[in-house]
Structures are given as structure tokens and as C-alpha cells.
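**Q** Protein chains in written order, with our numbering: chain E, 1 to 114; chain F, 1001 to 1114. All C-beta atoms in this analysis are idealised placements derived from N, C-alpha and C, irrespective of residue type, glycine included.
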DNA sequence: GTACGATAGGTCGAAGTTCGACATGTCGAT
DNA sequence: ATCGACATGTCGAACTTCGACCTATCGTAC
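This is how it looks when you write it as C-alpha cells:
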């Protein structure tokens, strides 16, 4: 799609955000935890990056706020859940494919130990 | 290594630069072409990004200038060849491994079509 | 023969992105 | 009641990327 090309390449935070959201709706803080866990603590998302990235992703139409998913915890404070839009899913797929090219290439050249 | 962790996560340009150099010594313009080709034209490295990234990579000790590789073309103008340092190779490997985690994850979730 | 596009290197300022300190408030445990 | 984890957010500084511009060489086409 042409829309997709408009948002590529994704910035690092945008990529990490979409990656975390691809597993289902999550709130900001949960995204932060997920990204840090998956990167082995290398990528640290401070609040500055986290919330400005969420805002940017919403502006680009990559995510939107979900209607309060978890049924049990209606009470639970001021959490805001986000989920991928169709464009978000497409952009993520395109970016992963692109990155995959580099990663495959590098893995092959790096002794092919995987 | 601790040195490696110091430079992680790599910025996009830094990653692309090291990725292109991992195949052997190259000069700036050749790096630019390689990155653009491997990304299917999505990543465009203008001169601003290209040369400031090379400078940054040298400062970080990730690359260093190579002693004029190609034997045939001694004459060929003012080309500057760069190659990865040991640290550069380690940082690249670490970053590719980290990114690979995300990519594998995303590929599996994205229908596992690969 | 000279004009053009590709190769090759580079600077600069503006725009975009990331960082971390601070602010605010809730919740559960010691 | 105080502390750390949870949760959201702002702000300014630092870092990164972008694209316009500059210089110069080379080969091809007009």
C-alpha cells in the first residue's frame, strides 16, 4: 500500500511499540515493560519516549485507543489501552520484512551459527 | 562485553552502516548504495546522515579507515575505505541478535508464513 | 567540446526523535 | 506511614536524521 510506504521506515520506538501491541491490546506502561524484557534490558523506554511515541503512532493512524479490554479490572485506575489499526499491522509487517532481510543477511555472514 | 553495552542500542544509521561494512571494507558512497539496495529503496541515506554516521562510528571505535584496499584502482580519486573494528563486529552481532528476537517473534505471530 | 548524470566527498541548518528529570497520583507491602 | 512498583504525563536538552547546497572527477551522449 501507498499509505504504508508513507510511514516507513519506522523509528525505533514506533517499531517497538507496534511490536509490543501486535500481541494484543496493552496500556503504555505494559508496552514499556514488554519492550525492555524482549530486548534483554538493552532498550529502555523512559516516559518521555513512551508517551510521545504513543501520541505519534495515533497521529499516524498506526494505533488507536481500545475500549477498555480487561473485563475483570473495570476499576483499575486510569489505564489507557491501545491496539493496532489495519495500517499499523501492515506497516509492522512491512518493517519486519525489511528488517528481516538485514537480519538474515547478517546472520548468514556472521558465521551462520543460527 | 561491557564496551559493547555502552554503544547499544545502535541508531538506525549506525546499524545500517555496520551491516554494509560487515561484508568487507567499503567507501561511504558504496555503503549508501548497499543500504538503499538491501532495504528495497525504503531507507535513503542522504549525505548528511551518511557522513555524520561514519564520523560517529569512528568516534565510538566501531569502524576505522582501511589502508586503501583495492589493488587495481590505486588511481581512483579520493575514496576512503572503512572496515569494522573488533568492537564494531561485536556490537553488530549483539544488535542483530537483539533485533532477531523481535523479528522472529513478529514473524511467528504474523501468521508464521516464513 | 560541453552538458549531463553518476560517482565521490563534504557542510550546514532545520526537523524529527530520544532521553531523563520532574510532577502527580494509586496500590500493596513492611 | 513510608517505600517501591504501577501508571500517566510534561518539558527541555541532547542526539539523529534529512535535504539543500557545495566541490570535484569521470564517462557518455549530443
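Determine the direct distance from the alpha carbon of residue 1061 (chain F) to that of residue 16 (chain E), and round the result to whole angstroms.
**A** Computed Cα separation, rounded: 27 Å.
**Q** Which residues, in chain order, does the region 96–114 of chain E contribute to contact with chain F at a C-beta distance below 8 Å?
**A** Going along the region 96–114 of chain E in chain order, one finds 96, 98, 99, 100, 101, 102, 103, 105, 106, 107, 109, 110, 114 with a Cβ nearer than 8 Å to chain F.
**Q** Kindly provide the ranges of any alpha helix (DSSP H) runs that are 4 or more residues long and lie completely inside the region 1019–1063 of chain F, ordered along the chain.
**A** Complete alpha helix (DSSP H) runs here, min 4: 1028–1038, 1047–1059.
**Q** Name the residues in the region 1035–1061 of chain F whose C-beta lies less than 8 Å from a C-beta of chain E; which are they?
**A** Answer in chain order: 1038, 1039, 1040, 1042, 1043.
**Q** Determine whether the Cβ of residue 1022 (chain F) lies closer than 8 Å to any Cβ atom of chain E.
**A** Judged by the 8 Å Cβ criterion, residue 1022 (chain F) is in contact with chain E.
**Q** Could one say the Cβ of residue 8 (chain E) lies closer than 8 Å to chain F's Cβ atoms, at least one of them?
**A** It does; some Cβ of chain F falls within 8 Å.
**Q** Which residue comes first and which comes last in the beta strand (DSSP E) that contains residue 84 (chain E)?
**A** Run containing residue 84 (chain E): 81–84, per the beta strand (DSSP E) assignment.
**Q** Expressed to the nearest angstrom, what Euclidean distance is found between the alpha-carbon atoms of residue 1084 (chain F) and residue 1019 (chain F)?
**A** C-alpha separation (whole angstroms): 10 Å.
**Q** According to DSSP, which residues form a beta bridge with residue 1065 (chain F)?
**A** Bridge partners of residue 1065 (chain F): F:1082.
**Q** Nearest CA to the CA of residue 79 (chain E): which residue from E:5, E:1, E:27, E:10?
**A** Comparing Cα positions, the closest option is E:27.
**Q** What do you reckon, are the CB atoms on residue 63 (chain E) and residue 88 (chain E) nearer than 8 Å?
**A** Yes, the pair counts as a contact, with Cβ atoms nearer than the cut-off.
**Q** Specify, as a first and last residue, the run of the alpha helix (DSSP H) that residue 4 (chain E) falls within.
**A** 2–7 is the extent of the alpha helix (DSSP H) around residue 4 (chain E).
**Q** If residue 66 (chain E) sits next to residue 51 (chain E), beta carbons under 8 Å apart, how far is it from one beta carbon to the other, in whole angstroms?
**A** No, residue 66 (chain E) and residue 51 (chain E) are not in contact; Cβ-Cβ is about 17 Å, not under 8 Å.
**Q** Could you check how far apart the C-beta atoms of residue 91 (chain E) and residue 7 (chain E) are, in whole angstroms? I think they sit under 8 Å.
**A** Indeed they touch by this definition, with Cβ atoms about 5 Å apart.
**Q** Which of the three DSSP states is assigned to residue 1111 (chain F) in this structure?
**A** Here residue 1111 (chain F) sits in coil by DSSP.
**Q** Quick one: list the residues of chain E neighbouring residue 1019 (chain F), beta-carbon separation under 8 Å, in chain order.
**A** Those are 102, 105, 106, listed as they occur along chain E.
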